[in-house]
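*Asks:*
2 protein chains.
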Amino acid sequence: MHDAIDTTFSPLQNHLLVALPEEVQTRIFPFLELEKLELGQVIYEAGGKLAYVHFPVDAIVSLLYVMESGASAEISVVGNEGLIGVALFMGGESTSSRAVVQSAGHAYRLKGSMLTEEFNRHGKLLELMLRYTQSLITQMAQTAVCNRHHSIDQQLCRWLLLSLDRLPDNHLTMPQELIANMLGVRREGVTEAAGKLQKLGVIDYHRGHITVLDRSKLEELSCECYDVVKTETDRLLPYALPKKSA
Amino acid sequence: MHDAIDTTFSPLQNHLLVALPEEVQTRIFPFLELEKLELGQVIYEAGGKLAYVHFPVDAIVSLLYVMESGASAEISVVGNEGLIGVALFMGGESTSSRAVVQSAGHAYRLKGSMLTEEFNRHGKLLELMLRYTQSLITQMAQTAVCNRHHSIDQQLCRWLLLSLDRLPDNHLTMPQELIANMLGVRREGVTEAAGKLQKLGVIDYHRGHITVLDRSKLEELSCECYDVVKTETDRLLPYALPKKSA
DNA sequence: AAAGTTCTGTGCGCTAGCGAACACACTACT
DNA sequence: AGTAGTGTGTTCGCTAGCGCACAGAACTTT
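Protein chains in written order, with the numbering used here: chain A, 28 to 273; chain D, 28 to 273.
#1: Give me, in chain order, the residues of the same chain whose beta-carbon lies closer than 6 Å to that of Asn41(D); leave out the 5 immediate sequence neighbours on both sides.
#2: Pick out whichever of Asp254(A), Gln169(A) and Leu152(A) has its Cα sitting closest to the Cα of Pro48(A).
#3: Closer than 9 Å by beta-carbon distance: list the chain D residues that pair up with Met209(A), in chain order.
#4: Could you check if Arg193(D) is buried or exposed, using at least 16 other CB atoms within 10 Å of its CB as the buried criterion?
#5: List the residues of chain A whose Cβ lies closer than 8 Å to the Cβ of Tyr92(D), in chain order.
#6: Could you name the residues of the segment 114 to 142 of chain A whose beta carbon sits closer than 7 Å to any beta carbon of chain D, in the order they occur along the chain?
#7: In three-state terms, what does DSSP make of Pro83(A)?
#8: With DSSP as the reference, identify every bridge partner of Gly132(A), one or two as the case may be.
#9: Kindly list, in the order they appear in chain A, the residues whose Cβ is closer than 9 Å to that of Gln52(D).
#10: Does any residue of chain D bring its CB to less than 9 Å from the CB of Ile203(A)?
#11: Span of the beta strand (DSSP E) holding Asp231(A)?
#12: Name the two residues that bound the continuous alpha helix (DSSP H) containing Glu219(D).
#13: Could you give the DSSP three-state label for Lys138(A): helix, strand or coil?
#14: List, in chain order, every chain D residue whose beta-carbon is nearer than 7 Å to that of Arg175(A).
#15: Measuring straight from C-alpha to C-alpha, what distance separates Val255(D) and Asp231(A)?
#16: Using the Cα positions of Gly228(A) and Pro38(A), report the straight-line distance between them to the nearest angstrom.
#17: DSSP three-state label for Ala73(D), please.
#18: When the distance is taken between beta carbons, is Ser123(A) closer than 9 Å to Thr165(D)?
#19: Bridge partners for Tyr92(D) per DSSP, in chain order?
#20: Starting from the C-beta of Tyr92(D), find all residues in its chain whose C-beta is less than 6 Å away, skip the five residues before and the five after it, and write them out in chain order.
#21: Can you confirm whether Leu157(A), when its beta carbon is compared against all beta carbons of chain D, has any partner nearer than 9 Å?
#22: Under 8 Å between beta-carbons, which chain D residues line up against Leu263(A)? List them in chain order, please.
#23: One question on the structure: do Val127(D) and Cys252(D) come within less than 9 Å of each other, judged by their Cβ atoms?
#24: Just to confirm my understanding: we take Ala220(D), look at its own chain, exclude 5 residues before and 5 after, and list those with CB closer than 7 Å. What are they?
#25: Can you list, in chain order, the residues of its chain with a C-beta nearer than 7 Å to that of Val212(A)? Leave out the 5 residues immediately preceding and following it.
#26: Helix, strand or coil for Leu43(A), going by three-state DSSP, please let me know.
#27: Please decide whether Glu215(D) counts as near chain A, where near means a Cβ-Cβ distance under 9 Å.
#28: List the residues of chain D whose Cβ lies closer than 7 Å to the Cβ of His149(A), in chain order.
#29: Determine the extent of the beta strand (DSSP E) in which Leu199(A) is found, giving its start and end residues.
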C-alpha cells in the first residue's frame, strides 16, 4: 500500500517522546519495544492492570467504553501525539475503559515500572505527561457534550477529522460497523451520514476504505467540538504542532 | 435545619485536605481562605486563567460546558471529596468548562501559586491530586457514555445520587430548570422524570426543594453509571470512605 | 465459476426527546 | 388583598435516531 511504510520506525515519531530532553531519552529509549498493532486489537481491557504504556507512531487507538448491554462509546482518540495508559502514572493503574486499535500501525511500548520510575524523577517527563493528560480530559469533556447535543452527521465529521489529524495520509480503513461502535450509534446511522458526505464529494467510501477528499468542507460540516479540542490540544502541547522537531 | 451547620468550618472537612500529612497541612493551611458559595455562582469561566483552587466543604460545584448555541451539559460534579481547578497543576492553567455552584455552601480557596509550589515538592499532595484527577477522568468518561445511551429518567437518578453523596443531608435546593441545564435536556423532560420519581415515592419535590426519600430505590432506577463512578472513586480515593481519618 | 462472507443501502414502524405555547400553581412583595 | 415573579405541569405536532428485516454489491475462497 505504501512504499515507505516498512522502513524502520523511530521513537522520535511520537510527539511526546521527541519532546523529552536528551538525557531522559537516553535513559528510556533502550527499553522501548516496537510493537505492531492490528485493527481491532485490544491493548488493554477495562479494569485490567496496566503493564505497559504505549506510544503510537503511526497507529490510532481509541479509548472505548463498553456497557453491560454491549453498547459502546468512544471516550477519546490517541495517535502519535500522545500515549495510552495514563492511569499508570496517575496512580490508578487501571481504567474503566478499553483501548482498541482503530487504525493499524505501530507503537512503542514501555514497561509500566520503567515509566513510573522516570515519572518519579519529577522532571520534564512528568510535566509532559500531565499536560497530555489534560488534553485528554478536554477531549473527553467535549465528547460528553457532543454526545448530548450533536447529530450523527456532525459527529461523524468530528470523528473523521480527529482521526485524520493522527493519520499519515488521508486514508482510513474501517467498516461502518466499527465507526458506529465508536460513535455509539447504529450502523445504519453511519451509512446514512457517510452517504451524505459521499454525495457531497467530501469523502470516498468503499467497503471500509475511506478517503477524505475535501477536508475544509468536513470542518465546515462538523460541530464546534472538533475545533475546541484541536485548539486546546495545540495550546497544551505546542511541541506537537510542527511535523517533527528532531 | 442543622444545629451544627453554622459552627465554624474546618479544612479537615475536605477529604483531600484531611488526607495530607501534617507537615504539608501546617505549610498550606494558614493560606486557606474560607469562602461562601452561592447557588449559581460562577467560580471560574471557561478559558479563564485560574487564580485559585477551591476545596469544597459543604458546597457542590458542577463543571459545566456551555456551547455556542447556549446549550449546556455537566461534565462532572465536585464536592468535599475533591477540588476545583485541576488544570492549575496539570499545566494548562485554564479549562474549556465553567465551574458553577450547584448547591450553596462553603469552600476553602488557595492561591494557585501556593498550590503549585507545594505540588512541585512532589510529595503526598502531588500523589493525592493526581489520584483525584483520575477519578474525575472516570466521571467524565462515564458522563460521555451516559449521555449517549441512557434515558433522562436514568440520568436524573444518577445525577441525584452523585449529588446526594456530596451533601450533608438528603435535601437539595435546585429548580428543575437548572437540573435540565446540568443534564443538557429540556426542563419539561426533567419535570416528567421527576414526576415519575415523585409518584413512586422516591423523592419529594416542591418548588426547587428536593428531598430524597428512598435512596435504594433511586439506585435501582439509575443506570449502571452511578455505580461505576462510585466504585472507581472509592477505589482511587480510599481515604474518602470513612467520615474522617484525622 | 460457484459458493460463502463481509460490507453497504434501504425501507418501515416506533419512541424518546425536542420546541413552543400556555395554564396553573405557590411565594413574595407592597 | 392584589400583583408580579418564579417554578411546575401538560398538551401537541415534529424529527432524529432506533430496532428489525432484507436485498444487493463486492470481495474471498475453493
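Glycine residues also receive a C-beta, built at the ideal position from the N, C-alpha and C atoms.
*Replies:* On the basis of the data shown:
#1: Along the second sequence, read from residue 1 onward, the residue named residue 41(D) stands at position 14. Cβ neighbours of Asn41(D) beyond the five flanking positions: Phe82, Val84 and Asn107.
#2: As a working note, residue 48(A) is residue 21 in the first sequence. Shortest Cα-Cα distance from Pro48(A) to any of Asp254(A), Gln169(A) and Leu152(A) involves Leu152(A).
#3: Translated into positions along the first sequence, residue 209(A) becomes position 182. Neighbours of Met209(A) on chain D: none; closest Cβ ~11 Å, over 9 Å.
#4: The residue you call residue 193(D) lines up with position 166 of the second sequence. Under this definition Arg193(D) is a buried residue.
#5: Position 65 of the second sequence holds residue 92(D). Result: Ala168, Gln169, Ala171 and Val172.
#6: Considering only beta carbons, the part of the segment 114 to 142 of chain A lying closer than 7 Å to chain D consists of Ala114, Met117, Gly118, Gly119, Ser123 and Ser124, in chain order.
#7: Here residue 83(A) refers to the residue found at position 56 of the first sequence. Reduced to three states, the DSSP call for Pro83(A) is strand.
#8: One-based indexing of the first sequence puts residue 132(A) at position 105. Leu64(A), per the DSSP bridge assignment.
#9: In the second sequence, the residue the question calls residue 52(D) occupies position 25. Here the premise fails: no neighbours, minimum Cβ distance about 20 Å.
#10: As a first step, residue 203(A) is located in the first sequence; it is residue number 176 there, counting from the start. Residue identity differs from the one stated: residue 203(A) is Gln in this sequence, not Ile. Gln203(A) does not count as touching chain D.
#11: Position 204 of the first sequence holds residue 231(A). In the DSSP assignment, Asp231(A) falls within the unbroken beta strand (DSSP E) covering Ile230 to His233.
#12: Translated into positions along the second sequence, residue 219(D) becomes position 192. Taken as a continuous stretch (DSSP letters only), the alpha helix (DSSP H) holding Glu219(D) covers Arg214 to Lys226.
#13: Taking the first residue of the first sequence as 1, we reach residue 138(A) at position 111. Here Lys138(A) sits in strand by DSSP.
#14: Taking the first residue of the first sequence as 1, we reach residue 175(A) at position 148. Simply Ala100, Asn174 and Gly211.
#15: On the second sequence, position 228 is the one that residue 255(D) refers to. On the first sequence, position 204 is the one that residue 231(A) refers to. Val255(D) and Asp231(A): Cα-Cα distance of roughly 40 Å.
#16: Here residue 228(A) refers to the residue found at position 201 of the first sequence. Here residue 38(A) refers to the residue found at position 11 of the first sequence. One C-alpha to the other measures close to 37 Å.
#17: Position 46 of the second sequence, counting from 1, holds the residue named residue 73(D). When secondary structure is reduced to three states using DSSP, Ala73(D) falls in the coil class, being assigned neither helix nor strand.
#18: If you number the second sequence from 1, residue 165(D) lands on position 138. If you number the first sequence from 1, residue 123(A) lands on position 96. For Thr165(D) and Ser123(A), yes; Cβs fall inside 9 Å.
#19: On the second sequence, residue 92(D) is found 65 positions in, with the first residue counted as 1. Within the DSSP bridge table, the entry for Tyr92(D) names Ala100(D) as partners.
#20: Taking the first residue of the second sequence as position 1, residue 92(D) is located at position 65. So the list reads Ala100, Ile102 and Ser124, once near-sequence residues are dropped.
#21: What you label residue 157(A) is simply residue 130 of the first sequence in a count that begins at 1. Yes, because at least one Cβ of chain D sits closer than 9 Å to the Cβ of Leu157(A).
#22: Walking along the first sequence from the start, residue 263(A) turns up at place 236. Those within 8 Å of Leu263(A) in chain D are Gly118 and Gly119.
#23: Here residue 127(D) corresponds to residue number 100 of the second sequence, with the count starting at 1. Here residue 252(D) corresponds to residue number 225 of the second sequence, with the count starting at 1. In this structure, Val127(D) keeps its C-beta atom at 9 Å or more from the C-beta atom of Cys252(D).
#24: The residue given as residue 220(D) occupies position 193 in the second sequence. These residues qualify, in order along the chain: Ile179, Asp180 and Leu183.
#25: If you number the first sequence from 1, residue 212(A) lands on position 185. Contacts found: Ile179.
#26: Residue numbering aside, residue 43(A) sits at position 16 when the first sequence is read from its first letter. If DSSP states are grouped into helix, strand and coil, Leu43(A) belongs with the helices.
#27: Here residue 215(D) refers to the residue found at position 188 when the second sequence is read from its first residue. No, no contact with chain A.
#28: As a position in the first sequence, residue 149(A) is number 122, starting the count at 1. By Cβ distance, chain D contributes His149.
#29: Translated into positions along the first sequence, residue 199(A) becomes position 172. Residue range His198 to Thr200 is occupied by the beta strand (DSSP E) that includes Leu199(A).
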